[in-house]
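Notes follow the structure.
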Amino acid sequence: MAGFLLRRLVNYAVLIAVAASLAYMLAATALDPRSNYEGRNPRPPAAVIDAQLAMYNLDDRTPLFERYLTWAGGVVRGDLGRTWNGDLVADRLGRRLGVTLRLIVLGVVLGSVAGVLVGACAGVRQYGWFDRLSTVAAFVVLAIPTVVLANMLIICAIWVNDHLGAQIFLVSGEATPGLEGGAGEGLLDRVKHLALPTLSLAAGQIAVYSRYQRNMMLDVLEADFIRTAMAKGLRRRTALLKHALRTALIPAVTYFAFTFGSLLVGATITESVFGWHGMGEELVASIRTNDVNSVAAISCFAALAVLLASLASDVLHAVLDPRVRVG
Amino acid sequence: MMTLPEEEFAEVQAEAEHVRVPSRARTVAGRFFRTRQGRLGFALLASLFLLAFLGPLASPWAVTDMDFSAFMQPPSAGHWFGTLQTGTDVYAVTLRGAQKSLLVGLLVAVLSTGVAAVAGSFAGYFLGWTDRTIMWVADLLLVLPAFLILAIMSPLFTSGRWLLFVVMLALFLWMVTSKIVRGMTRSIKEREYIKAARFMGVPSWIIIFRHVIPNLASLLIVDATLNVSAAILTETSLSYFGFGIQPPDVSLGGLIADGSKTALYAPWTFWFAAGGLIITVLSVNLVGDSLRDAFDPGAGGRA
């Protein structure tokens with residue numbers, strides 16, 4: 003098991019390094035920080051612009067590979083560089099990382115747990131009312147892009163608030179600034195802010211996992227070992243939970259690694275629509291402002307996050323499926 | 582292939598009764614249209630195509646027209662879907678956006694499935710270093726979300742270069758399918774007809790294009806269909822932030838982004854584009870799902 007994970011880890015480290023380098027080169031080629039200075043009024047002299055760009059390692063007249071080496075050398079020492087107007091990238095992202103984590107963790111937990119449960123219940127009673135309902139619901143949800151879903155939720159929330167005459171859902175930001183009252187009130191305020199972004203992030207996940215888990219459940223329920231488990235006297239509930247669900251979870255766990263990338267994209271969209279100041283919002287803003295170093299740093303984080311998810315799914319896979327540990 | 586026994590049975594029966602043997606395409610089409618899901622999806626998709634490409638002819642307004650007597654007006658007899666802040670007709674602009682979204686979806690799906698078929702079958706046929714290299718590239722591309730890379734590259738897509746956007750989007754959608762194709766190629770490679778071709782001295786690349794890929798056609802057709810919706814969804818998210826299809830071209834994502842700002846007091850600016858998009862993706866998914874069932878009746882109702 004340790005050898006298996008170690009091999010994976012080395013492979014992942016190489017992939018992250020290559021992916022991050024690729025992202026840096028792309029960003030440095032496609033984005034144009036020089037235009038930020040040239041667009042200023044009054045326009046600074048060319049020599050000043052060159053000096054500023056050179057100071058932040060953004061000068062497009064230095065060869066790409068040289069800039070890349072400077073950047074990579076900094077990253078290895080833990081220095082992510084500076085933004086186009088001189089802030090430390092690491093400082094800015096550090097503040098935003100927590101926001102994104104709070105959003106994603108809840109989305110992942112709610113999405114995968116609810117999705118697996120819905121799928122398992124639907125699979126156990128195939129063609130029952132719950133199965134049909136969840137199938138139709140999943141089809142509809144999968145057809146709604148996150149941007150549209152998030153906006154629809156906002157519209158609905160405002161409608162509900164207006165009709166009830168109370169602020170049930172809050173649709174902008176992470177917390178109300180300058181809120182009076184105790185810890186309980188603050189927590190309630192955060193929950194009100196969190197409800198809709200989490201829902202828009204988790205809805206797609208629930209739909210995907212429920213379809214997947216249902217199919218796996220159906221395959222497993224026909225298997226001999228379930229019949230054997232019931233024949234030796236296990237109750238139906240025990241047989242389903244201990245034998246069927248555990249086996250059927252294995253592909254869902256593998257799938258987790260694949261959906262994590264789409265979750266990050268979903269978080270970007272959700273953050274921007276709901277006005278959360280997280281990494282995703284920063285990505286959109288930094289691309290718009292031609293901020294090469296911030297974009298490269300966020301790409302690194304994204305690659306790291308996807309591979310951590312893959313590693314987590316490898317570990318879970320090994321826990322659930324003894325053949326992996328032995329083989 | 583799970584379908585073989587059933588088709589053999591149909592053939593034997595047909596021969597016994599001296600009627601024409603139903604072709605595979607006919608069998609699949611028959612199964613496809615027998616399901617309610619398949620009929621519904623096909624009808625929705627066909628009418629969307631007709632509306633998007635023939636609908637603009639029915640309206641007097643063009644995309645570039647601005648009606649200076651109607652700003653931000655709700656739907657009426659003159660403007661079927663209402664107007665925008667600039668006096669632009671929502672009907673005309675929504676259909677133009679739908680055209681572009683459908684076109685992008687189709688092109689990306691065909692391209693990415695083509696790449697997946699070639700990459701996956703070469704990896705699975707040659708194995709060894711070819712396999713390791715191709716699968717490593719696939720893993721690498723899976724690590725970085727397509728959204729992120731395409732957003733970074735977005736400054737390159739300006740001034741009407743949307744075809745470059747299509748190519749880049751396709752380059753980020755082939756990986757998962759190519760892994761499935763690789764696995765299936767490995768098992769097809771051991772079949773007798775492949776061995777026979779190899780022993781007769783047919784070059785490997787001809788074997789791949791003439792024998793391996795056609796045998797994966799059912800998987801590839803289904804995958805291409807489902808990639809259409811994946812492409813449309815990704816394009817929408819990118820265009821929402823202005824990273825996808827850029828002016829002067831219009832796409833549904835951009836319209837939804839503009840509409841969402843005014844949706845509360847002018848719902849027509851948001852809901853026609855959003856609704857059109859949802860129905861498009863829904864019908865593509867329905868068609869893809871029914872196609873999968875039609876090709877593989879053994880898994881009926883599972884997918």
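The listed protein sequences correspond, in order, to chains P and H. Everything in the first sequence is counted per this note's numbering, starting at 3 for the first residue and increasing by one. Everything in the second sequence is counted per this note's numbering, starting at 582 for the first residue and increasing by one. We put the CB at the ideal spot given by N, CA and C, even for glycine.
Using 10 angstroms around the beta-carbon of Gly622 (chain H), count the other beta-carbons present and answer buried if the total reaches 16, otherwise exposed. buried
Spatial distance of Tyr26 (chain P) from Ala304 (chain P) (CA atoms): 13 Å
Nonlocal neighbours in the same chain, by C-beta distance under 8 Å from Ile18 (chain P), ignoring five residues either side: Cys302, Ala305, Leu306 and Leu309
Can you check whether the CB of Gln207 (chain P) is closer than 8 Å to the CB of Gly113 (chain P)? In terms of Cβ geometry, Gly113 (chain P) and Gln207 (chain P) form a close pair [threshold 8 Å].
Over what stretch of residues does the alpha helix (DSSP H) that includes Arg742 (chain H) continue unbroken? Element bounds for Arg742 (chain H): n/a, residue is neither H nor E.
Determine, using beta carbons only, whether Ser888 (chain H) and Pro147 (chain P) come nearer to each other than 8 Å. Summary: the structure shown does not reach residue 888 (chain H), with chain H confined to residues 582 through 884, and so no result is reported for it.
I need the DSSP call for Thr561 (chain H), collapsed to helix, strand or coil. The question about residue 561 (chain H) has no answer here: the residues shown for chain H are numbered 582 through 884.
Decide if Ser296 (chain P) is buried, meaning its Cβ has at least 16 other Cβ atoms within 10 Å, or exposed. buried
Pick helix, strand or coil for Asp1 (chain P), following the three-state DSSP scheme. Here chain P has residues from 3 to 329 only, and residue 1 (chain P) is not among them.
Mind listing which residues of the stretch 151–168 of chain P have their C-beta closer than 7 Å to chain H's C-betas, in chain order? Asn153, Ile157 and Ile160
Pairwise C-alpha distance: Ile715 (chain H) and Ala259 (chain P): 20 Å
Using a beta-carbon distance below 8 Å, is Leu814 (chain H) in contact with chain P? yes
If you reduce the DSSP assignment to three classes, tell me which class Thr817 (chain H) lands in. helix
With 16 other Cβ atoms within 10 Å as the buried cut-off, status of Gly329 (chain P): Confidence at Gly329 (chain P) is low in this model, with a pLDDT of 48, below 50, so its placement is unreliable and the value that follows should be read with caution. Exposed, by the Cβ-count rule.
Would DSSP call Leu386 (chain P) helix, strand or coil? As shown, chain P starts at 3 and ends at 329. That puts residue 386 (chain P) outside it, with no answer to give.
Compute the Euclidean distance between the alpha carbons of Asp874 (chain H) and Leu807 (chain H), then round it to the nearest angstrom. Going from the Cα of Asp874 (chain H) to the Cα of Leu807 (chain H) covers about 13 Å.
Going by DSSP, what residue range makes up the alpha helix (DSSP H) through Met781 (chain H)? Careful: Met781 (chain H) lies outside any alpha helix (DSSP H) and carries neither H nor E.
At 8 Å on the CB atoms, spell out the chain H contacts of Phe67 (chain P), in chain order. The contacting residues do not exist; Phe67 (chain P) stays about 18 Å from chain H at best.
What residues in its chain sit with their C-beta under 7 Å from that of Ala4 (chain P), if we drop five residues either side in the sequence? Scanning its chain for C-beta atoms nearer than 7 Å, with the 5 sequence neighbours on each side dropped, one finds no residue around Ala4 (chain P).
Taking Cβ positions, are Ala225 (chain P) and Ala241 (chain P) nearer each other than 8 Å? no
Among H:Ser735, H:Leu797, H:Gly834 and H:Ala855, nearest to Thr2 (chain P) - alpha-carbon criterion: With chain P represented from 3 up to 329, any question about residue 2 (chain P) goes unanswered, as that position is not in the structure.
Distance cutoff 8 Å, beta carbons only. Does Ala698 (chain H) sit that close to anything in chain P? no
For Ala116 (chain P) versus Ala204 (chain P), is the C-beta distance shorter than 8 Å? yes
Strictly below 9 Å CB to CB, what residues from chain P border Asp720 (chain H)? Within chain P, the residues near Asp720 (chain H) are Asn13 and Leu17.
Residue from H:Val783, H:Ile826 and H:Val674 with nearest C-alpha to Met749 (chain H): Taking only the C-alpha atoms, the option nearest Met749 (chain H) is H:Ile826.
I want to see whether chain P comes within less than 8 Å of Pro656 (chain H), judged by CB atoms only; does it? The beta carbon of Pro656 (chain H) does not come within 8 Å of any beta carbon belonging to chain P, so the residue lies off that interface.
Any beta carbon of chain P sitting closer than 8 Å to that of Val748 (chain H)? no
Would you say the beta carbon of Val609 (chain H) is closer than 7 Å to some non-hydrogen atom of the ligand SAM? By its list of ligands, the structure shown contains no ligand whatsoever, and the ligand SAM lies outside what it can speak to.
Go to Asn336 (chain P), then tell me how far its alpha helix (DSSP H) extends in each direction, as first and last residue. No answer is possible for residue 336 (chain P): it lies beyond the span of chain P, which begins at 3 and ends at 329.
Shorter than 8 Å from the beta carbon of Phe141 (chain P) to some beta carbon of chain H? yes
Stretch pair the stretch 668–684 of chain H + the stretch 717–733 of chain H: three plus CB contacts closer than 8 Å: no
Tell me the rounded alpha-carbon separation between Thr332 (chain P) and Pro65 (chain P). With chain P running from 3 to 329 in the structure shown, residue 332 (chain P) is simply not present.
Does any residue of chain P bring its CB to less than 8 Å from the CB of Phe853 (chain H)? For Phe853 (chain H), the answer is no, since every Cβ of chain P falls outside 8 Å of its Cβ.
Give me the Cα-Cα distance between Leu638 (chain H) and Leu631 (chain H), rounded to the nearest whole angstrom. 11 Å
Near-chain P residues of the stretch 768–792 of chain H - C-beta to any C-beta below 9 Å: none
Tell me where the alpha helix (DSSP H) around Pro637 (chain H) begins and ends. Arg617 to Ala639
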